[in-house]
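Worksheet for the structure shown next.
Residue numbers (the numbering used here): 40 to 111.
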(Lines of atoms letter the chains of each structure in order from A and count residues from 1; the text may use other names and numbers.)
(Lines give C-alpha, C1' and ligand atoms only; values in the text may rest on other atoms or scores of the structure.)
Protein backbone atom coordinates (compact mmCIF):
# COMPACT_ATOMS: atom_id res chain seq x y z
CA UNK A 1 0.00 0.00 0.00
CA UNK A 2 1.13 3.54 -0.63
CA UNK A 3 2.88 2.35 -3.80
CA UNK A 4 1.97 1.28 -7.31
CA UNK A 5 3.92 -0.88 -9.74
CA UNK A 6 3.76 0.23 -13.38
CA UNK A 7 3.20 -2.57 -15.87
CA UNK A 8 6.50 -4.11 -16.94
CA UNK A 9 8.35 -2.78 -13.90
CA UNK A 10 9.71 -4.86 -11.05
CA UNK A 11 10.07 -1.82 -8.78
CA UNK A 12 7.21 -0.25 -6.85
CA UNK A 13 6.86 3.54 -7.02
CA UNK A 14 5.66 5.56 -4.02
CA UNK A 15 2.65 7.83 -4.33
CA UNK A 16 3.66 11.50 -4.15
CA UNK A 17 3.43 13.66 -1.05
CA UNK A 18 -0.14 14.84 -0.56
CA UNK A 19 -1.50 11.51 -1.84
CA UNK A 20 -2.20 8.05 -0.42
CA UNK A 21 -3.10 4.58 -1.68
CA UNK A 22 -4.92 2.16 0.60
CA UNK A 23 -5.10 -0.92 -1.64
CA UNK A 24 -2.58 -3.37 -3.09
CA UNK A 25 -2.12 -4.40 -6.71
CA UNK A 26 -2.22 -0.90 -8.20
CA UNK A 27 -0.30 -0.31 -11.41
CA UNK A 28 -0.73 3.39 -12.17
CA UNK A 29 0.04 6.79 -10.64
CA UNK A 30 -3.61 7.68 -11.22
CA UNK A 31 -4.56 5.06 -8.59
CA UNK A 32 -3.06 7.30 -5.89
CA UNK A 33 -5.76 9.31 -4.11
CA UNK A 34 -5.41 12.97 -3.22
CA UNK A 35 -5.30 13.45 0.53
CA UNK A 36 -8.74 14.16 1.92
CA UNK A 37 -9.63 17.75 2.88
CA UNK A 38 -9.10 18.34 6.61
CA UNK A 39 -6.35 15.71 6.66
CA UNK A 40 -2.69 15.74 5.65
CA UNK A 41 -0.44 13.19 3.89
CA UNK A 42 3.17 13.88 4.85
CA UNK A 43 5.99 12.35 2.83
CA UNK A 44 5.62 9.75 0.08
CA UNK A 45 4.22 6.24 0.05
CA UNK A 46 1.30 6.86 2.41
CA UNK A 47 -1.19 4.02 2.91
CA UNK A 48 -3.59 6.47 4.57
CA UNK A 49 -3.65 10.12 5.64
CA UNK A 50 -1.20 10.83 8.48
CA UNK A 51 -3.84 12.60 10.56
CA UNK A 52 -6.09 15.61 10.92
CA UNK A 53 -4.86 19.15 10.56
CA UNK A 54 -3.97 21.13 13.65
CA UNK A 55 -6.68 23.25 15.31
CA UNK A 56 -6.97 26.67 13.69
CA UNK A 57 -5.67 25.52 10.29
CA UNK A 58 -7.59 24.76 7.11
CA UNK A 59 -6.24 21.87 5.06
CA UNK A 60 -7.51 21.69 1.49
CA UNK A 61 -7.28 18.37 -0.38
CA UNK A 62 -3.69 17.36 -1.15
CA UNK A 63 -2.17 18.96 1.94
CA UNK A 64 1.14 17.57 3.21
CA UNK A 65 1.49 19.50 6.49
CA UNK A 66 -0.69 19.49 9.61
CA UNK A 67 -0.21 23.25 10.09
CA UNK A 68 0.01 24.84 6.62
CA UNK A 69 1.04 28.49 7.04
CA UNK A 70 -0.92 29.51 3.93
CA UNK A 71 -4.17 28.29 5.52
CA UNK A 72 -4.32 29.77 9.03
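Note that beta-carbon positions come from the ideal geometry of N, C-alpha and C, so glycine has one too.
Taking a C-beta distance under 8 Å as the contact criterion, residue 88 and residue 96 do not qualify as a contact pair. Shown here, residue 72 sits in a strand according to DSSP, grouped into three states. Residue 96 sits in coil when the DSSP states are folded into three classes, being neither helix nor strand. Counting only residues of its own chain and dropping the five nearest sequence neighbours on each side, residue 75 has a CB closer than 7 Å to the CB of 88, 100.
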